[in-house]
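J.:
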Amino acid sequence: MMLLCGEIDNKMRKGGSMRLKKVHSTFLTAALACSLAVTPVFANPAEDAENLKNQKTEAESELSNLQTQFDTLIQKANELELKLIKTGEAIIQAQADLEAAEEKKEEQYEAMKKRIKFMYESGTGSATVEKVMTSGDMSSMLSQAEYSQKMHEYDREQLKEYTNTVTEIENLQKTLEEEQKNLEATEKEYEAEQATLTETINSKKDEITNLDGMIQEAARKAEEERKAEEERRRREEEAKNNVTPEQPVTPSNPNNGSSGGSGAAPYDPVTGNVIVDRAYGCIGLPYVWGATGPNSFDCSGLVGYCLTGGYGRVGTTYTFMGWPRVSDPQPGDVCTNWDHCGIYIGNGMMIHAPQPGENVKIGPVQAGMVYVRR
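Here is the structure:
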């Protein structure tokens, strides 16, 4: 029993510190693992950077709350360590009391035997003494003594005290066992809570790392779009400055090779479809990246002019891909994919601005394109 309590005491004194070291070690390992770079994968290259930043802010707030819970858990671990030490000290004291009770039991038994021996030697109550000495156990001895009229009142009280001492020893043993069970249950509960919280913190850190990568990628895309827009405006301004007022240039018309006018090309009906007729009027103009007319176009710039009659951009292929799709395309609809677009003129054909070095022309609708309508 003493060896058991010694082992418990050592475990109580060391267990708390070991668990705290384990908590800090686990936390540092989690932080190191979460610091590894995670390559973000964009489902859409046009991911909104501001929305991602809001998501990161929310995730950081959740992580802060988790960290607060973790700090609280550390505090609980410190309190548990103190409790374990105090409980260990109480168990050691209980063991000392148990040993004292055992010693007291032996002392009482020896004293009782001496008194019985004295009675025998003095010649009083010899028959009763013989019964007591041959009874075989303490319970029988107590029973015999209680019914013996020869025993002094003092001896009866001593035997009762011995019975109480035995009960006290049993209660101390039960208390010790109960303390052990409670400590083991507390330890398991703490370890389970620690594992769950650490896993949650790791998951949230991974989420934030992913968001960081996505924000960086979105910022890069946004910067590319900003530079592209600046270049488009520069080219548009350059094109406007190159127009000679006395000899304005207008889009060519398949039915009329002459040119005249400036600004938005005048509508000269050919098919009766204003969008298609504007497209026909632009055939032959050169492709210039970022241009929206009047002397050159890129693919989305041409579509914007044909739809509105004005020299400005209404969107890009990403915009058009978000418009309502149609299953029965009509002349004047937009045919588009993520990379290119044009004006549908019927019979599987479209008018489009293909690429640098080529002019606006008629060509087949490309495989994979969809038809959308504004």
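Taken in order, the sequence shown gives residues -43 to -1, 1 to 331; the numbers are from mature numbering (1 follows the signal peptide of the UniProt record, and there is no 0). Beta carbons: idealized from backbone N, C-alpha and C, even for Gly.
Express the C-alpha separation of T274 and D169 in angstroms, rounding to a whole number.
T.: In the sequence shown, the residue the question calls residue 169 occupies position 212. In the sequence shown, the residue the question calls residue 274 occupies position 317. Roughly 27 Å separates the two Cα atoms.
J.: Buried or exposed: which applies to K131, given that a residue is buried once 16 or more other Cβ atoms fall within 10 Å of its Cβ?
T.: Position 174 of the sequence shown, counted from the start, is the residue given in the question as residue 131. K131 is exposed by the Cβ-count criterion.
J.: Quick one: Cα of G303 to Cα of E195, how far?
T.: To locate residue 303, count along the sequence shown from 1; it is residue 346. To locate residue 195, count along the sequence shown from 1; it is residue 238. Their backbone Cα atoms lie some 35 Å apart in a straight line.
J.: Would you tell me roughly how many angstroms separate the C-alpha atoms of T155 and F27, rounded to the nearest one?
T.: One-based indexing of the sequence shown puts residue 155 at position 198. One-based indexing of the sequence shown puts residue 27 at position 70. So the two alpha carbons sit approximately 8 Å from each other.
J.: Can you have a look at L39 and say buried or exposed, based on whether 16 or more other CB atoms are within 10 angstroms of its CB?
T.: Counted from its first residue, the sequence shown places residue 39 at position 82. L39 comes out exposed.
J.: Report the start-end ranges of each alpha helix (DSSP H) in the stretch 236 to 301 that is 4 residues or longer and not cut off at the edges.
T.: Here the runs fully enclosed are 256 to 265 and 274 to 277.
J.: Helix, strand or coil: which one does DSSP assign to M326?
T.: Here residue 326 refers to the residue found at position 369 when the sequence shown is read from its first residue. Correct three-state label for M326: coil.
J.: Output needed for P257: all residues of its chain with C-beta closer than 7 Å, excluding positions within five of it in sequence on either side, in chain order.
T.: Here residue 257 refers to the residue found at position 300 when the sequence shown is read from its first residue. Note on residue identity: the sequence assigns Ser, not Pro, to residue 257. R270, G272, T273, T274 and C298.
J.: What are the start and end residues of the beta strand (DSSP E) that includes G320?
T.: As a working note, residue 320 is residue 363 in the sequence shown. Segment K318 to P321, the beta strand (DSSP E) holding G320.
J.: Count the other C-beta atoms from every protein chain shown that fall within 10 angstroms of the C-beta of A149, then say buried if there are 16 or more, exposed otherwise.
T.: As a first step, residue 149 must be located in the sequence shown, where it is residue number 192. Exposed.
J.: If we ignore side chains and look at the alpha-carbon of each, how far apart do C263 and A248 end up?
T.: Taking the first residue of the sequence shown as 1, we reach residue 263 at position 306. Taking the first residue of the sequence shown as 1, we reach residue 248 at position 291. C-alpha separation (whole angstroms): 14 Å.
J.: Decide if the stretch 177 to 184 is in contact with the stretch 38 to 56; the criterion is three or more beta carbon pairs, one per stretch, under 8 Å apart.
T.: Contact fails: fewer than three Cβ-Cβ distances are below 8 Å.
J.: How many angstroms separate the CA atom of I232 from the CA atom of E7?
T.: By 1-based counting over the sequence shown, the position of residue 232 is 275. By 1-based counting over the sequence shown, the position of residue 7 is 50. Rounded to whole angstroms, I232 to E7 spans 36 Å at the Cα level.
J.: For M306, which residues does DSSP report across the bridge?
T.: Along the sequence shown, read from residue 1 onward, the residue named residue 306 stands at position 349. M306 is bridged to G303 and P321.
J.: DSSP state of G314, grouped into three classes?
T.: Taking the sequence shown and counting its residues from 1, the one referred to as residue 314 is at position 357. It is coil, neither helix nor strand.
J.: Could you tell me if residue 333 is buried or exposed, where buried requires 16 or more neighbouring beta carbons within 10 angstroms of its beta carbon?
T.: This structure cannot speak to residue 333, because the chain is shown only from -43 to 331.
J.: Using three-state DSSP, classify R331 as helix, strand or coil.
T.: As a working mapping, residue 331 is identified with position 374 in the sequence shown. The answer is coil: DSSP assigns R331 none of H, G, I, E or B.
J.: Keeping to the same chain, check which residues put their C-beta closer than 6 Å to that of E315; ignore five residues upstream and five downstream.
T.: One-based indexing of the sequence shown puts residue 315 at position 358. Only Y244 meet the Cβ criterion.
J.: From Q312 to D255, what does the alpha carbon distance come to, in whole angstroms?
T.: Your numbering for residue 312 matches position 355 in the sequence shown. Your numbering for residue 255 matches position 298 in the sequence shown. If I take the Cα positions, the gap works out to 8 Å.
J.: For the putative contact between G250 and Y268, defined by C-beta atoms under 8 Å, what is the C-beta separation to the nearest angstrom?
T.: Against the sequence shown, residue 250 aligns to sequence position 293. Against the sequence shown, residue 268 aligns to sequence position 311. Right, the Cβ-Cβ distance comes to about 4 Å (below 8 Å), so this counts as a contact.
J.: When the Cα of N294 is compared with those of R282, A176 and L129, which residue comes out closest?
T.: By 1-based counting over the sequence shown, the position of residue 294 is 337. Cα-wise, what sits closest to N294 is R282.
J.: If you draw a straight line from the C-alpha of S21 to the C-alpha of E46, how long is it?
T.: Against the sequence shown, residue 21 aligns to sequence position 64. Against the sequence shown, residue 46 aligns to sequence position 89. Rounded to whole angstroms, S21 to E46 spans 38 Å at the Cα level.
J.: Tell me whether P321 is buried or exposed, calling it buried when 16 or more other Cβ atoms sit within 10 Å of its Cβ.
T.: In the sequence shown, counting from the first residue as 1, residue 321 sits at position 364. With fewer than 16 other Cβ atoms within 10 Å, it is exposed.
J.: Taking Q323 as the reference, give the member of I300, L23 and E17 with the closest Cα.
T.: Translated into the one-based positions of the sequence shown, residue 323 becomes position 366. Nearest of I300, L23 and E17 to Q323, Cα basis: I300.
J.: Could you say which of S253, K178, S18 and E127 lies nearest to A51 if we only look at CA atoms?
T.: Taking the sequence shown and counting its residues from 1, the one referred to as residue 51 is at position 94. Checked all of S253, K178, S18 and E127; the closest Cα to A51 is E127.
J.: Taking only three categories from DSSP, how would you classify N230?
T.: For this step, residue 230 is matched to residue 273 along the sequence shown. Correct three-state label for N230: coil.
J.: Of all the options E134, Y66 and M306, which has the alpha carbon lying nearest to the alpha carbon of T122?
T.: By 1-based counting over the sequence shown, the position of residue 122 is 165. Ranking E134, Y66 and M306 by Cα distance to T122 puts Y66 first.
J.: Return the CA-CA distance between T(-18) and E64, expressed in angstroms with no decimal places.
T.: Against the sequence shown, residue -18 aligns to sequence position 26. Against the sequence shown, residue 64 aligns to sequence position 107. For T(-18), the predicted structure reports a pLDDT of 48, less than 50, and the residue's modelled location is therefore unreliable. A value from the coordinates is still provided. Computed Cα separation, rounded: 54 Å.
J.: Which residues in the same chain have their Cβ closer than 6 Å to the Cβ of V327, if we skip the five residues on either side of it in sequence?
T.: Locating residue 327 in the sequence shown gives position 370, counting from the first residue. R282.
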